[in-house]
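Only one structure is covered here, and it is reproduced in the block below.
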Amino acid sequence: MRKLMNYLRGMVVLRLTGPFPERLVNLCAQEGVDFWGMEWLDEHTVRFTTRRRTIGLLEELAGRAGCVVERESSRGLPDFLLRFRTRYTFLLGLLFALCAVGFLSRFVLTIRVSGNQEVPSAVILSQLRQLGVRPGVYGPSLDCKQLAQEALSELEDLSWMALNLQGTRLEVVVREAVKTPERVDESGYFHIVAQADGVVTHVEPEQGDAVVQEGDVVAKGDILISGTVTMEPPKYSDMPNRYYQTHARGRVWARTWRFLTAVIPVEAGVKDYTGAEKNVWSVNIFGRRVKIFGNTSISWPMYDKITSVRQAALPGGERLPLSLTCETFREYQLQTVEVDRGAAQALLEEQLLKRLKAAVGGDGEVESTQFTARIAGGQLEVALTAQCLEEIGEEQPGERAAAP
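In the numbering used here, the protein residues as written are 108 to 511.
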C-alpha cells in the first residue's frame, strides 16, 4: 500500500553533495521529511529517495547545511501525466473517455434472468420490455420493486420476482408458481365411445358398465363403457333393476387400421441465382438501428434476403446491446424442374409416419405399415395402410333420462 501511495504522489531520487551531508540528513529528520533508500557514494556525497512534494523544503534545508541538491531521476503518476502536458488531443480524449465511462456505467447494458425452468426467459424479458426495462435504459430511474410487482401481475406462472441492479447489469430473479393439480371432474353424465373402428383387445372400466369385451368388433361412435349403471336387486327379490347415470371412466384398447394419404407435385420451381447481390450494413445500439452503408431499395422482382448479425459480448459471454448487421440481397429466377420421385416419396412416407404416430398417441403401437404410390393429375400420391394397437376410448356426454 505504501508503494502505491508513493507512486501516486511521485518520487524523486536526489544526490546531495557538501562538506557535511550528515547535517542535511539530521535536518530532514528534525523537519519530518521522509526519505528512504539512502546510499553513501563517498564521504561528501549521499543519495536517497524522497517524495516529490518535499523537494522545496529539502532545497531550503540543503542551503542551511551548505549542500547542493541534484535530481537524478523521478517516477510516479505526476511524471507520467507531465509527459502529455503538450498533447492536448490526448488529454481531451482521456477526459472524454473518463466522462463516457462514468456516464455509460449508469445505463443497463445486460439483463440476466435466473430461477426459471418452465417459463422461457424470452417471455419474462418481453414483459419487462413492455414496462420499459431493456438494455440501454437509465439504471437509477428504475423503480425495481414496482416494476417487479407489475411484471408479476401479468405472468401467472410466476409466484415471485426481484430486480437487482448491479452496475450495468440487471439481475432478474424469479420463482415459478407451483401448479395446482388437476381435479378429476366426476360431475355430468358421460359415456366412453370409440373414436375409431377396430377389434377390442383389452377393457379397463373404472366407473360405469363395460358394454364390450375382448374380441368384439366396434365402429366409430359405438359406446364402449356406458355411463348408465345397472343396480341389480337383492337375490330372491321381486324388485326390478335400478339404474343411475354417472360419469363413465376407463380405458379400452383395440386393434385398428389407419389409412392416410399425402401428395406432392411432380414438378417444382427452383431458384436460379443470377449472381446480382447487394449488401446493406447497419449498427444496432440499445435497440435502435442505424444504417451505415448500402441502400435497401431493391428493383428485382424476386430475391432472397440473408441477414447475419455479429453481436458484441463481454469476455464472460454476456451479450451487449451492440451488434453489427449485414443484410445480403440475392436476385434469382424461378425454373421448373422435375422432382426426384424417390426422394419425394421418401419425404411423403416420413410425413405419413409422423401423422400416424400422432394419431395413435404415445401409448399406441404401430404393428405393421404398407405404402403404395401412384401419379395422378401431375401429383405424386402416397398412401399408408397401417395396423395399430391403440386406446380408442373418448368421453362423450350422454342424454339424461327424463324425470318420471
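Every residue, glycine too, gets a C-beta built ideally from N, C-alpha and C.
| Asked | Found |
| --- | --- |
| Contact the stretch 357-364 vs the stretch 306-322: 3+ CB pairs below 8 Å | yes |
| Endpoints, beta strand (DSSP E) assigned at Ala480 | Glu472 to Ala483 |
| One or two residues paired with Ser221 in a DSSP bridge | Val280 |
| Presumed contact (8 Å Cβ cut-off) between Leu463 and Arg365, rounded CB distance | 6 Å |
| Beta-carbon proximity check, Leu121 vs Thr157, cutoff 8 Å | yes |
| N- and C-terminal bounds of the beta strand (DSSP E) containing Asn348 | Here Asn348 belongs to no beta strand (DSSP E), and DSSP marks it neither H nor E. |
| Stretch pair the stretch 200-215 + the stretch 159-179: three plus CB contacts closer than 8 Å | no |
| As assigned by DSSP and simplified to three states, the class of Ala301 | strand |
| Uninterrupted beta strand (DSSP E) stretches inside the stretch 424-452 (no shorter than 3 residues) | 426-445 |
| For Thr555, three-class secondary structure by DSSP | The first residue shown for the chain is 108 and the last is 511, placing residue 555 beyond what the model contains. |
| For Ala301 and Val325, believed in contact at Cβ under 8 Å, the rounded distance | 5 Å |
| Residue range of the unbroken alpha helix (DSSP H) whose run includes Val132 | Pro128 to Glu138 |
| Span separating the alpha-carbon of Arg282 from that of Ser221 | 9 Å |
| Which listed residue (Tyr343, Glu339 and Ser344) has its alpha carbon closest to that of Tyr350 | Glu339 |
| Which listed residue (Asp329, Ala317 and Leu454) has its alpha carbon closest to that of Ala369 | Leu454 |
| Spatial distance of Ala229 from Gln418 (CA atoms) | 17 Å |
| Beta-ladder partner(s) of Leu491, from DSSP | Leu367 and Phe478 |
| Beta-carbon gap between Thr435 and Ile413 smaller than 8 Å | yes |
| Rounded Cβ spacing between Ile231 and Val285 (contact assumed at less than 8 Å) | Not really, about 18 Å apart at Cβ, beyond 8 Å. |
| Residue interval of the alpha helix (DSSP H) (run including Ser260) | Cys251 to Glu261 |
| DSSP bridge partner residues for Gln273 (one or two, in chain order) | Arg276 |
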